[in-house]
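**Student:** Number 198 in the UniProt record's numbering belongs to position 198 of the sequence shown; there are no gaps in the numbering.
Glycine included, every Cβ here is placed at the ideal spot set by N, Cα and C.
The structure displayed is predicted, hence computed values, not measured ones.
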Amino acid sequence: MRRRPVLALAGAGLLVAVVLALVLTGGDDQPRTDHAASPSATTAAPTSSSAPVQGPALPTTASGTSSAAPGTATAPTTAAAPGGGAAEQRPAELPAVPLDAGATVPGVVSGRLVVVEAVQATGSGVGNVSGPALRVTVELTGDGRTLSLDGSYVELLTGPDLTPASPVDDPSTAPLQGQLPPGGTATGVYVFSVDDGARGDVTVRVQPAPGEPFLVFRGAAG
1 MRRRPVLALA GAGLLVAVVL ALVLTGGDDQ PRTDHAASPS ATTAAPTSSS
51 APVQGPALPT TASGTSSAAP GTATAPTTAA APGGGAAEQR PAELPAVPLD
101 AGATVPGVVS GRLVVVEAVQ ATGSGVGNVS GPALRVTVEL TGDGRTLSLD
151 GSYVELLTGP DLTPASPVDD PSTAPLQGQL PPGGTATGVY VFSVDDGARG
201 DVTVRVQPAP GEPFLVFRGA AG
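#1: What residue does the beta strand (DSSP E) around P132 start on, and which one ends it?
#2: Would you kindly check if the distance between the Cβ of P208 and the Cβ of G111 is under 8 Å?
#3: Do A118 and L94 count as a contact pair if the criterion is CB distance below 8 Å?
#4: Look at T146 and P175 and say whether their C-beta atoms are less than 8 Å apart.
#5: What is the C-beta distance between V194 and A165, in whole angstroms, given that I count them as a contact (C-beta under 8 Å)?
#6: Where T185 and D150 are concerned, what is the direct C-alpha to C-alpha distance, given to the nearest angstrom?
#7: Identify which residue in T163, V189, V126, A121 has its Cα closest to the Cα of V154.
#8: With a 10 Å radius around its C-beta and 16 neighbouring C-beta atoms as the bar for buried, classify T187 as buried or exposed.
#9: Measure the beta-carbon distance from L113 to V204 and round it to whole angstroms, keeping in mind my assumption that it falls under 8 Å.
#10: Where does the unbroken beta strand (DSSP E) through V126 begin, and where does it stop?
#11: Using three-state DSSP, classify A165 as helix, strand or coil.
#12: From G123 to V168, what distance separates their C-alpha atoms?
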């Protein structure tokens with residue numbers, strides 16, 4: 001009779017042990033789940049670290065904007081104004097004299113137009129047109145120092161607006177050239193296309209050498 005209570009107690013103790021084992025085993029699984037979740041939290045951290053990547057993008061844009069400031073240094077563009085200034089520094093012109101008068105740059109040269117005559121020009125080069133023209137013969141006399149005529153320049157303009165006449169490479173042309181010593185004389189011949197109706201007001205400008213004043217002759221020709 002005493003053995004039955006002992007067996008009952010032993011069975012109850014075994015049941016309690018099994019329940020405790022199950023409880024403990026279930027408790028161990030729960031922490032494992034928590035630990036498994038923690039790596040996902042740590043992997044999420046790099047996502048938040050992506051925010052600083054956008055931060056450096058702003059300085060890049062700012063640097064691009066600031067680099068435009070030197071680009072606005074348009075001093076070279078405004079420095080082109082001296083180019084216009086250079087045009088304004090074109091050598092002076094002597095007062096215009098009649099076509100048959102003389103003009104003088106004291107201590108340098110004196111000049112006159114030997115003749116201004118109407119001719120039929122014969123264009124012999126590309127862009128040259130044969131037709132009505134004026135042939136101008138220029139004579140220069142040296143005064144004071146030797147002058148190089150290789151850079152001399154002669155032009156003919158018509159009307160009050162001073163419209164440039166086109167030069168013609170006619171066989172009779174013979175530009176000024178060589179050295180002009182004091183007291184020496186040089187002659188040059190130039191041909192310009194000028195219609196009959198444009199000869200009532202003609203201006204001839206002669207620059208003996210680069211940097212020297214222009215000798216100006218004006219009047220009716222032909």
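**Tutor:** Answer, in terms of the structure:
#1: Residue numbering aside, residue 132 sits at position 132 when the sequence shown is read from its first letter. Looking at the DSSP string, the run of the beta strand (DSSP E) that includes P132 is 131-142.
#2: The residue labelled residue 111 in the question sits at position 111 within the sequence shown. The residue labelled residue 208 in the question sits at position 208 within the sequence shown. Their beta carbons are under 8 Å apart, which means G111 touches P208 by this criterion.
#3: Working through the sequence shown from its first residue, we reach residue 94 at position 94. Working through the sequence shown from its first residue, we reach residue 118 at position 118. No, Cβ-Cβ distance for L94 and A118 is not below 8 Å.
#4: Residue mapping note: residue 146 aligns to position 146 of the sequence shown, counting from 1. Residue mapping note: residue 175 aligns to position 175 of the sequence shown, counting from 1. No. Outside cutoff.
#5: Sequence index remark: in the sequence shown, residue 194 carries index 194 (1-based). Sequence index remark: in the sequence shown, residue 165 carries index 165 (1-based). Cβ atoms of V194 and A165 come within 8 Å of each other, at about 5 Å.
#6: Here residue 185 refers to the residue found at position 185 when the sequence shown is read from its first residue. Here residue 150 refers to the residue found at position 150 when the sequence shown is read from its first residue. So the alpha carbons of these two residues sit roughly 14 Å apart.
#7: For the purposes of this step, residue 154 is taken as residue 154 along the sequence shown, with counting starting at 1. Nearest in C-alpha terms to V154, of all of T163, V189, V126, A121, is V189.
#8: As a working mapping, residue 187 is identified with position 187 in the sequence shown. The residue is exposed, with fewer than 16 neighbouring Cβ atoms inside 10 Å.
#9: Indexing the sequence shown from 1 puts residue 113 at position 113. Indexing the sequence shown from 1 puts residue 204 at position 204. Correct: roughly 6 Å between the Cβ atoms.
#10: As a working note, residue 126 is residue 126 in the sequence shown. From DSSP, V126 is part of no beta strand (DSSP E); its letter is neither H nor E.
#11: The residue given as residue 165 occupies position 165 in the sequence shown. Looking at A165 - three-state DSSP - the assignment turns out to be coil, as it is neither helix nor strand.
#12: Here residue 123 corresponds to residue number 123 of the sequence shown, with the count starting at 1. Here residue 168 corresponds to residue number 168 of the sequence shown, with the count starting at 1. The alpha-carbon atoms of G123 and V168 are separated by roughly 6 Å.
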